[in-house]
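Notes follow once the structure below has been shown.
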Amino acid sequence: MKCKVCRDRAVIDIRRHNAGFCKDHFLEHLTGQVAKTIKEFSMFESDDRLLVAVSGGKDSLALWDILLNLGYDATGFYLDLGIGAYSRASKDASVSFAEQRSAKLIVRSLAQEHGLTVPELSKLTGRVPCSGCGLNKRYEFNRAALEEGFDVLVTGHNLDDEVATLFGNVLHWNVDMLGRQAPVLEERALEESGTALVRKVKPLVRVAERETAAYALLRGIDYIVEECPLVEGNVQHRYKEAITLLEEASPGTKHQMYFGFLKKASHRFQQEPDGAEVVACSTCGAPTAVWDPARAAVCSFCKTKALALKRKSEGSVARPPRKRRTH
Amino acid sequence: MKVKLRNPDRTVEVSGPTNVRALLEELGIVPEAVLVIRDATLLTRDEDVFEDDEIEVRPVLSGGAR
Ligand code: SF4
Ligand SMILES: [Zn+2]
Ligand SMILES: [Zn+2]
Chain A
-19 MKCKVCRDRA
-9 VIDIRRHNAG
1 FCKDHFLEHL
11 TGQVAKTIKE
21 FSMFESDDRL
31 LVAVSGGKDS
41 LALWDILLNL
51 GYDATGFYLD
61 LGIGAYSRAS
71 KDASVSFAEQ
81 RSAKLIVRSL
91 AQEHGLTVPE
101 LSKLTGRVPC
111 SGCGLNKRYE
121 FNRAALEEGF
131 DVLVTGHNLD
141 DEVATLFGNV
151 LHWNVDMLGR
161 QAPVLEERAL
171 EESGTALVRK
181 VKPLVRVAER
191 ETAAYALLRG
201 IDYIVEECPL
211 VEGNVQHRYK
221 EAITLLEEAS
231 PGTKHQMYFG
241 FLKKASHRFQ
251 QEPDGAEVVA
261 CSTCGAPTAV
271 WDPARAAVCS
281 FCKTKALALK
291 RKSEGSVARP
301 PRKRRTH
Chain F
335 MKVKLRNPDR
345 TVEVSGPTNV
355 RALLEELGIV
365 PEAVLVIRDA
375 TLLTRDEDVF
385 EDDEIEVRPV
395 LSGGAR
């Protein structure tokens, strides 16, 4: 196979674009795809301060690399989830990338910030690890961005992630989630508590997972290939496998499903949940939706944390995680 | 040839020469779900692979809420 641009030997074929690329032209192509996405969705401007959530995996490190190459002011944020050797390896990968690129990386740990790791949280609350993990990540990313004065929180969600999420939301007709699934989530500021949900963007939505892996490998980025040991039974992963079979048979399926949704369907789901009002959490001040204004509003992060810490101090644990899968 | 598979890490022997497409078919792997790596570079489906090659087949799909 030959490179579409220079006719040299291709190192990757992107079947949905009907094109092969040599190394240099692939890196250029992918960078162009990200730049195009940033522009198309007006994600941020050149003078914005970006906080990039990095996990040590291919997507977030490739994204950070591309943003730095495009000249953006992009700081990394690594959250140590306390998942044993996996967390240590992913932190090392993030730290060494930052050193190589002389980029700034903020490191925080759940154990230090809240006295809880992801495995502990799962054991204490009886919820599957990914559910508590996702809640903590969303909360901590937002808090770090606010406290450190960033304009935008950038995450490495790629096309496969978005399609798998969309697929799951449709399978379960999760209409609230469908209304919130977008490449850009606008900032929501709360004047009374001075806090906000920062603006969140996903510049990799046009890029397939296979392409971010190829980018990282060809750029010599030493990302962690191993999976989180807690991922087993994760339904998102099974959706991806099913969708990959469809993509293999008809290239372009993923792109069509996601961008078709954005263009033709997502606006139909965009409305506030019935009767909900966004107020400040009475514990931490973070914006949270309430349905009954007479009750004290506590955000789900603070609720989960309080429950887990209470059980930890009592030395009790919940029943083993339910078999129900959460995503 | 030696073919390294990941998650969990293991190595299998496959006899060559053949090409990437046929190799993946023999291993029962969907090409869209992996990268095929030789000498730190990538191979497209139509590339030939040889008896004394060392190949890595690296999965690209990751799971988990992010
Ligand atoms: S697989 Fe689940 S527990 Fe592991 S890092 Fe991802 S979301 Fe967290
Ligand atoms: Zn080329
Ligand atoms: Zn709170």
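Protein chains in written order, with the numbering used here: chain A, -19 to 307; chain F, 335 to 400. For every residue, glycine included, the Cβ atom is placed at its ideal position computed from N, Cα and C. Computed from a prediction, not measured in an experiment: that's the story for all the values here.
With C-beta atoms as the reference, is residue i less than 8 Å away from residue j?
| i | j | result |
| --- | --- | --- |
| K234 (chain A) | A188 (chain A) | yes |
| N31 (chain A) | A125 (chain A) | According to the sequence as given, residue 31 (chain A) is Leu; it is not Asn. Going by C-beta atoms, L31 (chain A) is nearer than 8 Å to A125 (chain A). |
| G148 (chain A) | V215 (chain A) | yes |
| K290 (chain A) | H94 (chain A) | no |
| T268 (chain A) | K38 (chain A) | no |
| S262 (chain A) | V278 (chain A) | yes |
| D53 (chain A) | K71 (chain A) | no |
| E366 (chain A) | V185 (chain A) | This structure cannot speak to residue 366 (chain A), because chain A is shown only from -19 to 307. |
| I383 (chain F) | N353 (chain F) | Note on identity: in this sequence residue 383 (chain F) is Val, with Ile being the wrong assignment. Yes, the pair counts as a contact, with Cβ atoms nearer than the cut-off. |
| L369 (chain F) | E221 (chain A) | no |
| R179 (chain A) | E167 (chain A) | yes |
| L198 (chain A) | L7 (chain A) | yes |
| Y58 (chain A) | F281 (chain A) | no |
If distances are taken between C-alpha atoms only, which option among the options comes closest to residue i?
| i | options | result |
| --- | --- | --- |
| G36 (chain A) | A:K16, A:F24, A:K(-18) and A:R68 | A:R68 |
| R88 (chain A) | A:K117, A:E79, A:S76 and A:C110 | A:K117 |
| K182 (chain A) | A:T175, A:E227 and A:S40 | A:S40 |
| Y195 (chain A) | A:V155, A:E221, A:S26 and A:I(-8) | A:I(-8) |
| M157 (chain A) | A:E127, A:T145 and A:R218 | A:T145 |
| E25 (chain A) | A:I201, A:R81 and A:L50 | A:L50 |
| Q92 (chain A) | A:V270, A:G62 and A:D72 | A:G62 |
| V134 (chain A) | A:A33, A:L177 and A:L165 | A:A33 |
| I46 (chain A) | A:A288, A:K180, A:K16 and A:S22 | A:K16 |
| K3 (chain A) | F:L377, F:L339 and F:P351 | F:L377 |
| L225 (chain A) | F:E366, F:L361 and F:K336 | F:E366 |
| A(-10) (chain A) | F:E388, F:R379 and F:D387 | F:R379 |
Going by DSSP, what residue range makes up the beta strand (DSSP E) through residue i?
| i | result |
| --- | --- |
| F57 (chain A) | D53 to D60 |
| P267 (chain A) | P267 to V270 |
| E388 (chain F) | E388 to P393 |
| I(-8) (chain A) | I(-8) to I(-6) |
| S89 (chain A) | L85 to S89 |
| R372 (chain F) | V368 to R372 |
| T175 (chain A) | T175 to L177 |
The alpha helix (DSSP H) with residue i in it runs from where to where?
| i | result |
| --- | --- |
| L197 (chain A) | E189 to L198 |
| A15 (chain A) | K3 to E20 |
| R160 (chain A) | V155 to R160 |
| V346 (chain F) | Careful: V346 (chain F) lies outside any alpha helix (DSSP H), inside the beta strand (DSSP E) at R344 to E347. |
Flag residue i as yes when its Cβ comes closer than 7 Å to any non-hydrogen atom of ligand 4, and as no otherwise.
| i | result |
| --- | --- |
| T263 (chain A) | With respect to small molecules bound, the structure shown includes ligand 1, ligand 2 and ligand 3 and not ligand 4. |
(request) Collect the residues with a C-beta less than 5 Å away from any heavy atom of ligand 2 and give them in sequence order along the chain. (result) Chain-ordered list of matching residues: A:C(-17), A:V(-15), A:C(-14), A:D(-12), A:C2 and A:H5.
(request) Could you run through the stretch 55 to 89 of chain A and flag, in chain order, every residue whose CB is less than 9 Å away from some CB of chain F? (result) Answer in chain order: no residues at all.
(request) Output, in sequence order along the chain, the residues in the stretch 360 to 373 of chain F whose CB is closer than 9 Å to any CB in chain A. (result) The stretch 360 to 373 of chain F vs chain A, Cβ under 9 Å: V364, P365, E366, A367, V368, L369 and I371.
(request) Name, going along the chain, the residues of the stretch 177 to 207 of chain A whose beta-carbon falls closer than 9 Å to a beta-carbon of chain F. (result) Of all residues in the stretch 177 to 207 of chain A, A188, E189, R190, E191, T192, A193, A194, L197, L198, G200, V205, E206 and E207 have a Cβ within less than 9 Å of some Cβ in chain F.
(message) Which residues of the stretch 225 to 252 of chain A have a Cβ closer than 9 Å to any Cβ of chain F? Give them in chain order.
(response) The stretch 225 to 252 of chain A vs chain F, Cβ under 9 Å: L225, E227, E228 and P231.
(request) Report the residues of the stretch 340 to 352 of chain F with a CB closer than 7 Å to any CB of chain A, ordered along the chain. (result) The residues in question are R340 and N341.
(request) Please list the residues of the stretch 154 to 167 of chain A that have a C-beta atom closer than 8 Å to any C-beta atom in chain F, keeping them in chain order. (result) The stretch 154 to 167 of chain A vs chain F, Cβ under 8 Å: nothing.
(request) Below 7 Å between beta carbons is the criterion; list the residues of the stretch -19 to -2 of chain A that meet it against any residue of chain F, in chain order. (result) Listed by position, the residues of the stretch -19 to -2 of chain A near chain F (Cβ gap below 7 Å) are M(-19), A(-10), V(-9), I(-8) and D(-7).
(request) May I ask you to list, following chain order, the residues of the stretch 385 to 396 of chain F that have a beta carbon less than 9 Å from some beta carbon of chain A? (result) Taking 9 Å as the upper bound on Cβ-Cβ separation, chain A lies near residues R392, P393, V394, L395 and S396 of the stretch 385 to 396 of chain F.
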